[in-house]
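Asker:
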Amino acid sequence: MTTAIEISRVSKRFGNHTALDDVSLTVPAGTVFALLGENGAGKTTTIKLLLGLEEADSGSMHVLGMDCRREAEKIRRRVGYVPEQPALYDWMTASEIGWFTAGFYPEPYEQEYRKLLERFRVPVGRKISQMSKGMRAKVSLSLAIAHQPELLILDEPTSGLDTLVRREFLESMVDIAAEGRTVLLSSHQISEVERVADIVAIVREGELLVVESLDSLKCQIRELTITMSGSRPPELPCETLSSRQRGRQWQFLVRTPENTDFDNLTQQSEVVAVETRTPSLEEIFVAYMQSDKRASCTTESESLTANSQEVER
Ligand SMILES: Nc1ncnc2c1ncn2[C@@H]1O[C@H](COP(=O)(O)OP(=O)(O)OP(=O)(O)O)[C@@H](O)[C@H]1O
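Here full-length UniProt numbering is used: the first residue of the sequence shown is 1, the next is one more, and so on.
Following this line, the structure appears as structure tokens:
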């Protein structure tokens with residue numbers, strides 16, 4: 001397994017506020033890796049540290065084998081980055097901004113950029129100031145990928161874009177990963193992430209709660225709806241991420257080994273019926289946000305390694 005990003009025990013504080021707290025994770029090359037978290041969770045901070053735009057207080061970070069502190073400039077040359085609010089020169093046309101940016105990269109940057117504008121149907125002669133939000137986003141993405149970076153980092157790439165543009169963006173990410181390149185994506189649009197991500201990391205207030213392949217998360221997390229004849233809650237033989245009671249019905253999101261058979265729960269006294277369902281990524285995300293316990297990252301990184309090998313195959 002080759003590694004695109006390696007973050008080891010990184011912490012970052014802004015004054016008294018801890019933006020990242022002892023975060024470690026590995027992004028295998030050729031995957032779409034999604035960083036999920038609520039506002040202020042530390043997603044943008046992670047991205048800025050990776051690009052050397054901020055410096056970590058402790059720990060180490062490597063991108064494509066390069067040290068984020070010492071080799072930031074080299075990293076920025078090899079990585080494509082679409083920030084949350086791309087800063088584009090408003091007075092330039094789409095074509096001019098491509099010509100200008102081409103000066104920083106080897107050929108055939110401009111040619112590739114023009115092909116991308118054509119694919120995204122962006123009018124090349126239109127000034128950035130006269131473009132819609134979606135068109136600007138497409139220009140940003142084209143600028144970020146025209147040098148065919150091995151790693152593309154996108155911070156909230158689809159927020160505020162319409163469904164069709166969002167779909168185009170997501171399809172480009174899948175295409176990029178299919179070519180063996182890596183995409184790191186920070187997002188609030190969880191249902192979209194579910195369509196494209198291979199690996200998901202959930203961050204809450206600077207803490208990494210889980211990092212795992214999406215397939216494995218979806219195999220191991222189940223929603224259980226248990227109907228009881230009395231008021232006592234059922235006893236569960238597994239880790240509970242969230243629970244909710246409505247009268248005599250209990251709903252749990254639980255984490256269990258794959259293929260756990262819950263039928264034998266009906267042997268417990270007062271258990272009348274047990275139903276199971278695979279939750280959506282959004283439901284899993286909400287459960288982690290509401291869980292008060294920090295999940296064991298050691299176990300999960302172990303399973304991540306196993307699952308990344310699965311992804312590679
Ligand atoms: N330059 C800074 N100075 C002070 N505090 C900062 C700075 N940058 C980020 N923070 C704080 O660090 C925390 C993490 O911010 P960050 O921008 O990484 O969150 P985020 O997950 O990207 O949020 P969002 O989804 O809203 O963009 C927040 O509490 C934020 O206020």
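Just so it is clear, CB atoms sit at the ideal spot from N, CA and C, and this is done for glycine as well.
Going by the C-beta, is glycine 40 closer than 7 angstroms to any heavy atom of ligand 1?
Answerer: Under cutoff, so the answer is yes.
Asker: Tell me which same chain residues have a C-beta within less than 8 angstroms of the C-beta of glutamate 73, skipping the five on either side of it?
Answerer: Closer than 8 angstroms at the Cβ level, and outside the excluded window around glutamate 73, lie Gly52.
Asker: Helix, strand or coil for methionine 92, going by three-state DSSP, please let me know.
Answerer: The answer is coil: DSSP assigns methionine 92 none of H, G, I, E or B.
Asker: Do isoleucine 190 and proline 279 have their C-beta atoms within less than 8 angstroms of each other?
Answerer: For isoleucine 190 and proline 279, no; Cβs fall outside 8 angstroms.
Asker: From what residue to what residue does the alpha helix (DSSP H) around residue 346 run?
Answerer: No statement about residue 346 is possible, as the shown extent of the chain runs from 1 to 313 and does not include it.
Asker: Name, in chain order, the residues that DSSP records as bridge partners for proline 28.
Answerer: Answer by DSSP bridge pairing, in chain order: Thr3.
Asker: Report the CB separation of leucine 151 from valine 63 in whole angstroms; it is logged as a contact under 8 angstroms.
Answerer: Contact flag correct, Cβ pair sits at about 7 angstroms.
Asker: Whole angstroms is fine: what's the gap from leucine 253's alpha carbon to proline 83's?
Answerer: C-alpha separation (whole angstroms): 34 angstroms.
Asker: What residue range does the alpha helix (DSSP H) around glutamine 220 cover?
Answerer: Where glutamine 220 is concerned, the enclosing alpha helix (DSSP H) stretches over 214 to 220.
Asker: Which residues in the same chain have their Cβ closer than 8 angstroms to the Cβ of residue 316, if we skip the five residues on either side of it in sequence?
Answerer: Absent from the structure is residue 316, since the part of the chain shown begins at 1 and ends at 313.
Asker: What is the rounded straight-line gap between the Cα of threonine 26 and the Cα of glutamine 267?
Answerer: In a straight line, the C-alpha of threonine 26 is about 42 angstroms away from that of glutamine 267.
Asker: Within 10 angstroms of the Cβ of serine 213, are there 16 or more other Cβ atoms? Answer buried if so, exposed if not.
Answerer: Serine 213 is buried by the Cβ-count criterion.
Asker: Enumerate in chain order the residues of its own chain whose CB-to-CB distance from aspartate 162 is below 7 angstroms, with the five nearest sequence positions on each side excluded.
Answerer: Closer than 7 angstroms at the Cβ level, and outside the excluded window around aspartate 162, lie Gly134.
Asker: Report all residues from its chain with a CB closer than 6 angstroms to the CB of histidine 147; omit the five preceding and five following residues, and keep chain order.
Answerer: Within the same chain, histidine 147 has close Cβ partners Tyr105 and Tyr109.
Asker: CB valine 200 to CB leucine 217, shorter than 8 angstroms?
Answerer: In contact: valine 200 and leucine 217 (Cβ atoms closer than 8 angstroms).
Asker: What residues in its chain sit with their C-beta under 8 angstroms from that of isoleucine 180, if we drop five residues either side in the sequence?
Answerer: Looking at the sequence itself, residue 180 is glycine, so the reference to isoleucine does not match. Counting only Cβ-Cβ distances below 8 angstroms, and skipping sequence neighbours, we find Ala29 and Gly30.
Asker: Put serine 132 into one of helix, strand or coil per three-state DSSP.
Answerer: If DSSP states are grouped into helix, strand and coil, serine 132 belongs with coil.
Asker: Out of curiosity, what's the CA-to-CA distance linking glutamate 270 and arginine 277?
Answerer: So the alpha carbons of these two residues sit roughly 21 angstroms apart.
Asker: Taking the beta carbon of arginine 244 as the centre, do at least 16 other beta carbons fall within 10 Å, making it buried, or is it exposed?
Answerer: The residue is exposed, with fewer than 16 neighbouring Cβ atoms inside 10 Å.
Asker: Can glycine 37 be considered in contact with ligand 3, in the sense that its beta carbon sits closer than 7 angstroms to one or more heavy atoms?
Answerer: Inclusion of ligand 3 in the displayed structure is not the case, the ligand content consisting of ligand 1 alone.
Asker: Under the DSSP definition of a beta bridge, which residues are partnered with leucine 184?
Answerer: According to DSSP, leucine 184 bridges with Phe33 and Ile153.
Asker: So what does DSSP say about tyrosine 81, is it helix, strand or coil?
Answerer: Here tyrosine 81 sits in strand by DSSP.
Asker: Which of the three DSSP states, helix, strand or coil, is assigned to proline 211?
Answerer: Just to set this straight, residue 211 is valine in the shown sequence, not proline. Strand at valine 211.
Asker: What residues in its chain sit with their C-beta under 6 angstroms from that of glutamate 6, if we drop five residues either side in the sequence?
Answerer: Within the same chain, glutamate 6 has close Cβ partners Thr26 and His62.
Asker: Using 7 angstroms as the cut-off, classify the Cβ of alanine 56 as near or not near the heavy atoms of ligand 1, replying yes or no.
Answerer: No, Cβ of alanine 56 sits at least 7 angstroms from all heavy atoms of ligand 1.
Asker: Since phenylalanine 262 is in the alpha helix (DSSP H), which residue starts that stretch and which ends it?
Answerer: First-last for phenylalanine 262: undefined, no H or E at that position.
Asker: Do glutamate 84 and ligand 1 come close, with the Cβ less than 7 angstroms from some heavy atom?
Answerer: Yes, Cβ of glutamate 84 sits closer than 7 angstroms to a heavy atom of ligand 1.
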